[in-house]
Structures are given as C-alpha cells and as structure tokens.
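Enquirer: Just so we're on the same page, the working numbering is the position in the sequence shown counted from 1, plus 18.
For each residue, glycine too, the CB sits at the ideal point set by N, CA and C.
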Amino acid sequence: MYQKRPGVFMADWWDADGRRHRKQFNSASAAREHEHRETALAHAERASREMKLAARTGGGKRSQPKRDNADIAPAKGKLGVMIPGMGAVATTFVAGVEAIRKGLAKPIGSLTQMGTIRLGKRTDGRSPKVKEFVPLAGLDDLVFTGWDIFEDNMYEAASNAGVLDQRLLDQLKPFLSSVTPRSAVFDHNYVKKIDGPNVKKGKSKMELAEQLRDDIREFKKSSGASRLITMWCGSTESYIEPTEAHQSVKAFEKALRENDEMIAPSMIYAYASLMEGVPFANGAPNLTVDLPVMLELSRKNEAPICGKDFKTGQTLMKTVLAPAFKARLLGLSGWYSTNILGNRDGEVLDDPGSFKTKEESKLGVLEHILQPGLYPELYGNMFHKVRINYYPPRGDNKEGWDNIDIFGWLGYPMQIKVDFLCRDSILAAPIVLDLVLLMDLAQRCSDLKGLGIQEWLSFFFKSPMTVPGLYPEHDLFIQLMKLKNTLRHLKGEELITHLGLEYYD
Ligand SMILES: NC(=O)c1ccc[n+]([C@@H]2O[C@H](COP(=O)([O-])OP(=O)(O)OC[C@H]3O[C@@H](n4cnc5c(N)ncnc54)[C@H](O)[C@@H]3O)[C@@H](O)[C@H]2O)c1
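1) If you compare alpha carbons, which of 24, 134, 367, 120 is closest to residue 506?
2) Going by C-alpha to C-alpha distance, which of 366, 231, 514, 339 sits closest to residue 165?
3) Could you check if residue 166 belongs to the surroundings of ligand 1, using beta carbon to heavy atom distance under 7 Å?
4) Starting from the C-beta of residue 492, find all residues in its chain whose C-beta is less than 6 Å away, skip the five residues before and the five after it, and write them out in chain order.
5) For the beta strand (DSSP E) containing residue 155, name the first residue and the last one.
6) With a CB to CB cut of under 8 Å and the five nearest residues on each side skipped, what residues in its chain are close to residue 514?
7) Cα separation between residue 460 and residue 467?
8) Does the count of Cβ pairs from the region 436 to 454 and the region 323 to 336 closer than 8 Å reach three?
9) Ligand 1 and residue 104: does any heavy atom of the ligand fall closer than 7 Å to the residue's C-beta?
10) On the premise that residue 321 lies in contact with residue 295, defined as a C-beta separation below 8 Å, what is that separation, rounded to the nearest angstrom?
11) Across the region 350 to 362 and the region 414 to 427, are there enough close Cβ pairs to call them in contact, namely three or more that are closer than 8 Å?
12) Give the secondary structure of residue 492 by DSSP, where H, G and I count as helix, E and B as strand, and everything else as coil.
13) The beta strand (DSSP E) spanning residue 248 covers which residue range?
14) Go through its chain and collect everything with a Cβ distance to residue 123's Cβ below 6 Å, but skip five positions before and after it.
15) Does the beta-carbon of residue 100 have 16 or more other beta-carbons within 10 angstroms, so that it is buried, or is it exposed?
16) For the 8 Å Cβ check, are there 3 or more pairs between the region 145 to 156 and the region 88 to 98?
17) Compare the beta carbon distance of residue 554 and residue 255 with 8 Å and say whether it is the shorter of the two.
18) From the DSSP output, which residues share a beta bridge with residue 356?
19) Among the candidates 368, 394, 374, whose CA atom is the shortest distance from the CA of residue 410?
20) By DSSP, does residue 299 sit in helix, in strand, or in coil?
21) Could you tell me the distance, in whole angstroms, from the CA atom of residue 177 to the CA atom of residue 193?
22) For a quick check, are the C-beta atoms of residue 160 and residue 115 less than 8 Å apart?
23) Considering just the uninterrupted stretch of the alpha helix (DSSP H) at residue 139, what are its terminal residues?
24) Using CA atoms only, rank isn't needed, just tell me which of 317, 324, 318, 432 is closest to residue 306.
25) May I ask you to report which of helix, strand or coil DSSP gives residue 253?
26) Out of 290, 106, 250, state which residue places its alpha-carbon closest to the alpha-carbon of residue 234.
27) Does the region 335 to 352 touch the region 423 to 434, meaning 3 or more C-beta pairs lie closer than 8 Å?
28) Does the distance from the C-beta atom of residue 480 to that of residue 333 stay below 8 Å?
29) Is there at least one non-hydrogen atom of ligand 1 closer than 7 Å to the beta-carbon of residue 141?
30) Classify residue 514 as helix, strand or coil using the three-state DSSP reduction.
31) Going by the DSSP bridge assignment, what does residue 39 pair with across the sheet?
32) Give the DSSP-derived three-state secondary structure of residue 177 in the structure shown.
33) If you follow the alpha helix (DSSP H) that residue 107 is part of, which residue opens it and which one closes it?
34) Is it buried or exposed, residue 398, if we count other Cβ atoms within 10 angstroms and call 16 or more buried?
35) So residue 456 is in the alpha helix (DSSP H); what residue range does that whole segment cover?
36) Name, in chain order, the residues that DSSP records as bridge partners for residue 290.
Spelled out as structure tokens, the structure:
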C-alpha cells in the first residue's frame, strides 16, 4: 500500500499467477484491508494449486536429490562494517567483537559463532558449526566505521550508553577510541527527541547522498577492506507510508534532487550504499529499504537488503509463544504488552511519530502467526495492544510485561503472565554480528546476491521483509528452519523436512 497523493491511497498486490494489481482508495485503512484480503486469497489459491500438484505427482518423496553447491566466493581480505548510528546497540556490538577477539568473552547468542547445523540423517552424527559449514568472514577480518550526529568516539559512546561494564571498556579503550563518527545525514523532523552537532550540510538530499558515497569510498580505501556492508543501528524515525517518490529509482532520484520531505535520512544512507554496491541491513523499524526503489537498486547492483527491526526481547517471546497456542488450537482473546526502558532509544520512542513506527512493526506479528482468517473462532476477535514507556532509571535494562488471555476446551479462559527483564543491546549485538557475516555471505553467493530481499534472514527481525504480495513468516522456529535450509541448499546438502519415514523403512 502506498500514498499516491494526499487523500489517495493505492492498494498494491500480486495475484496467484504473479500478476501485479493496483486499486485506488480514499483511506489508508480501506487500501490496506483490500490489499490484505487479495493477498490472502492469492496465497490460498497458490497453496491449493500446490497441494493438487503434489497429489498428482506423488509429493511424498522420501528425500530430495542432492543438488550442486552454489558458487560462493571465498571470504578473502577484510570486511568493512559501516554503521549509521553509533549508539547502544552499535557500541555493544563493536566492543563485544573486540572483547571476543582478545579472548576476554564468548560470542553468546550468535548463531554463526556458536550455532551448529545438522546435515543428513539424525543417525549420521554430522553437525558442524555454522561458521565451519559456510565460508564466513572471521572476526579478525572485521574493520569498522560509523556515522552519528554526536561527536563521541566508540569508547565515549559505549561509556555513555552504560550497557557494558566500564572495566571491560577500559581494556578495549585504544581500539574503541579509534572508531570516530563521520558526520551524519540527519533531519530533526524525523527524530524529534534528539539533535546533535555532527551533521552534514548540502543544498539537496542528492548532494547529501553524494557525500555519503564519498565516505563509503574513502573508508574502503583507507581501511583496505575488500568488501563492505552497511548496518543501520540509528534511531527509529517518524512513521511514514510509501509514496510515489519511492516507487522507482527514477522517481526517487528526482525526489532527492527536489528535497522531497518523504525521503527520510535512513533512505539516503540506503540509496548511497546500494549505489555503491554495498548490502544494507536495517535494524530499526523504519521503511528505509522496504520500498520498491530499494528492491530495484538492490537487484540491479547485486547488493542484498534485509530488515526490519531486530527481534530481541518482547517480540522474540511473542514469536515463540504464539506458534505454541496455534499448534495446540488454544484461542486468544487478548495480548497486552507493555515495556519500560530508559536508554536513548526509549527517549526517541517517547515521541508519538517514532513510537507509531515501532508499534506498526510490533503489531503485525500476531496477525500473521495466528491467521485469524483461517481460525476465526480462535483468533477472530483478539485484542492486541503494545505500549512503550520511557523510564530513565532502568537505562538499557528493559522490562517487558505481557498479559496474555487465552481460552481452551469449551471456551474456558486462562491467563499467562510473562515478565522479561532483559538487556536490549545485549540481545541485539549478536544479531548484528550474524547479519553482518550472513549478508556478506549473501553477496558472495551466486544464488543469493541478485535476489534483493534476503527473506531467509527473517529469523533476526520483528517485521521481516518479503517481496510484495508474500506474507512474512514470524514463527521463530519456521524462520530458523528457513535459514538453515537455505545454508544446506547453498552447500548442496539435503534439506531437512523432519518427515523421518526413512528411519522406519
Ligand atoms: N536494542 C534492541 O534490542 C533493539 C531492538 C530492535 C530495534 N532496535 C533499534 O535499533 C536502533 C538502535 O538502538 P539503540 O538502542 O542503539 O539506540 P541509541 O539511541 O542508543 O542509538 C541510536 C544512535 O543513532 C544516532 N542517529 C540517529 N539518527 C541518525 C542519523 N540519521 N545518522 C546517524 N546517526 C543517527 C543517534 O544519535 C544515536 O547515537 C533503534 O532504531 C532501535 O529502535 C533496537
């Protein structure tokens, strides 16, 4: 769905045959509803065709033929990590990588560093580590730069963020102090709660994009990196919906030259990266790369994109619990989620515009997992509310409460309470590391680099990107299976379907 002009909203969907359709409405909600309904119908039609085909072709094959390996270039040389937004998440990630390199800590929470992947049958005993199975950059190969509106280097920014113990930061001080922020592309209208001095100036947004492209080229040269990746860890921007300016590269470039107010700073970073052929991952709920223009650029320049919004605390829990309710056909009448947090992210989200962006990202989850269209008696009438409250005493240590009203056999009600006392950036940092390494893999891989959106990385996101017309998978375990099967597929290993009949032949 996008806004064509004030008061005119376009529903935009693909039918079961892959044909694109658009229809005009005079309210955003009517357009969105139409788009959801048509998309669901197209899905149902495709699923029914697949089932008929499987029935005709005896779809119960016990194992798939082994395919050839995808062509994956080796991870040679340094990998440059460029981070717009050197705040709590970014500094916890970079300090963590350095602490691990120095042998001071372990990469806990990182799928690429600690995770394993089963290959072949359960009886084969083959479960290498992910990082040994596919060729990933090593932690020693990572070099860093970033942009921020504040002038603090990574040591100062990490000390201010207050996530990591000061004694650990002091041991890393020479390295962290050497990462200083480049001046940012920033617009106070998009992040109302903060302002800072380290900001680029230019006559047009196109000029700012050119300055970022210069930064990217300069970093590549000065760091000696052979490959780059951009990882957005900047603040959550005010809520906007796509407009005509975001529909193609041509329209977007015209809008950049004309300083169109619907182009947010994060989009300028994304445009600059993709123009330089650099993959872009989006850790915030901003639209940024979730736009036709970025998909077009990403495919054209073989620079993968993925997003959006790291799946860390409350939504991680939601995408574990909701699939369990659906699996057991337990009904849901309400889910009330509230959070208190006191870091800068919490302060930014205290602004209604930024909160709306986050709210949209958090709300989609239940609807997609529980599929009220398929289970109207169980989920047709659920009330879902999400609140975030800025509460400074807690700093980065967030508390997320969930009150869940479910019902079981004969409609008898029950309640579940979850109180997750988490550390936001401690949960986010390993996700950043995995995304950096896997996005770099994607760009070195013949099967993935030209796809644009890397849906197989949905595992890391609250609001995973998909091609238009395809609903996202939110269930954490489906996402994990999708990710690992993608890696198996790339390496020519059999996919794991969990059918398991072969053990009883
Ligand atoms: N920590 C988590 O668990 C988590 C989970 C999901 C999403 N996120 C998102 O990740 C992002 C970072 O979170 P954080 O806790 O590090 O926030 P933070 O406020 O500590 O850091 C964000 C930094 O971005 C900078 N910034 C803002 N606009 C910028 C711009 N245009 N260019 C360059 N720098 C800019 C700010 O000055 C700040 O230093 C936020 O958008 C947050 O919503 C975090």
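Expert: This is what the structure holds:
1) Here the question's residue 506 lines up with position 488 in the sequence shown. Checking every option, the nearest Cα to that of residue 506 belongs to 134.
2) For this step, residue 165 is matched to residue 147 along the sequence shown. Out of 366, 231, 514, 339, 231 has the C-alpha closest to the C-alpha of residue 165.
3) In the sequence shown, residue 166 corresponds to position 148, counting from 1. At least one heavy atom of ligand 1 is nearer than 7 Å to the Cβ of residue 166, so yes.
4) Here the question's residue 492 lines up with position 474 in the sequence shown. Excluding residues within five positions, the ones whose Cβ falls inside 6 Å are 337, 383, 386, 387.
5) Locating residue 155 in the sequence shown gives position 137, where the first residue counts as 1. Neither: residue 155 is in no beta strand (DSSP E) and is coded neither H nor E.
6) On the sequence shown, residue 514 is found 496 positions in, with the first residue counted as 1. Within the same chain, residue 514 has close Cβ partners 136, 499, 502, 503, 506.
7) The count along the sequence shown starts at 1 and reaches residue 460 at position 442. The count along the sequence shown starts at 1 and reaches residue 467 at position 449. Computed Cα separation, rounded: 5 Å.
8) The region 436 to 454 vs the region 323 to 336: in contact.
9) Within the sequence shown, residue 104 is the residue found at index 86, counting from 1. Yes; taking the cut-off as 7 Å, the Cβ of residue 104 has a heavy atom of ligand 1 nearer than that.
10) Counting from one through the sequence shown, the residue named residue 295 turns up at place 277. Counting from one through the sequence shown, the residue named residue 321 turns up at place 303. Going by Cβ atoms, the distance from residue 295 to residue 321 rounds to 5 Å, so yes, they are a contact pair.
11) Result yes; three or more Cβ-Cβ pairs closer than 8 Å.
12) On the sequence shown, residue 492 is found 474 positions in, with the first residue counted as 1. In the three-state reduction of the DSSP assignment, residue 492 falls in the coil class, being assigned neither a helical nor a strand state.
13) Indexing the sequence shown from 1 puts residue 248 at position 230. That run of the beta strand (DSSP E) goes 243 to 250.
14) Counted from its first residue, the sequence shown places residue 123 at position 105. Within the same chain, and ignoring the five residues on either side of residue 123 in sequence, the residues whose Cβ sits closer than 6 Å to its Cβ are 117.
15) Counted from its first residue, the sequence shown places residue 100 at position 82. So residue 100 ends up on the buried side.
16) A contact exists between the region 145 to 156 and the region 88 to 98.
17) The structure shown has nothing for residue 554, since the chain only spans 19 to 523.
18) In the sequence shown, the residue the question calls residue 356 occupies position 338. Residue 356 is bridged to 405, 419.
19) In the sequence shown, counting from the first residue as 1, residue 410 sits at position 392. Out of 368, 394, 374, 368 has the C-alpha closest to the C-alpha of residue 410.
20) Taking the sequence shown and counting its residues from 1, one reaches residue 299 at position 281. Strand at residue 299.
21) Counting from one through the sequence shown, the residue named residue 177 turns up at place 159. Counting from one through the sequence shown, the residue named residue 193 turns up at place 175. Going from the Cα of residue 177 to the Cα of residue 193 covers about 14 Å.
22) Within the sequence shown, numbered from 1, the residue matching residue 160 stands at position 142. Within the sequence shown, numbered from 1, the residue matching residue 115 stands at position 97. Yes.
23) The residue you call residue 139 lines up with position 121 of the sequence shown. Counting along the chain, residue 139 falls outside any alpha helix (DSSP H), and DSSP gives it neither H nor E.
24) On the sequence shown, position 288 is the one that residue 306 refers to. The option with the nearest alpha carbon to residue 306 is 324.
25) Here residue 253 refers to the residue found at position 235 when the sequence shown is read from its first residue. Residue state, collapsed to three classes: coil.
26) Looking up residue 234 in the sequence shown gives position 216. Among 290, 106, 250, the Cα nearest to that of residue 234 is on 290.
27) By the C-beta criterion, the region 423 to 434 is judged to be in contact with the region 335 to 352, since at least 3 inter-stretch pairs fall below 8 Å.
28) Within the sequence shown, numbered from 1, the residue matching residue 480 stands at position 462. Within the sequence shown, numbered from 1, the residue matching residue 333 stands at position 315. Yes; because the gap between Cβ atoms is below 8 Å, this pair is in contact.
29) In the sequence shown, the residue the question calls residue 141 occupies position 123. For ligand 1, not one heavy atom lies less than 7 Å from the Cβ of residue 141.
30) Here residue 514 refers to the residue found at position 496 of the sequence shown. Coil, per DSSP.
31) The residue labelled residue 39 in the question sits at position 21 within the sequence shown. For residue 39, which the question treats as bridged, DSSP gives the partners 31.
32) Against the sequence shown, residue 177 aligns to sequence position 159. Helix at residue 177.
33) Mapped onto the sequence shown, residue 107 falls at position 89. That run of the alpha helix (DSSP H) goes 106 to 119.
34) Within the sequence shown, residue 398 is the residue found at index 380, counting from 1. Under this definition residue 398 is an exposed residue.
35) Mapped onto the sequence shown, residue 456 falls at position 438. Per DSSP, residue 456 is one residue of the alpha helix (DSSP H) stretching across 442 to 461.
36) Within the sequence shown, residue 290 is the residue found at index 272, counting from 1. None, per the DSSP bridge assignment.
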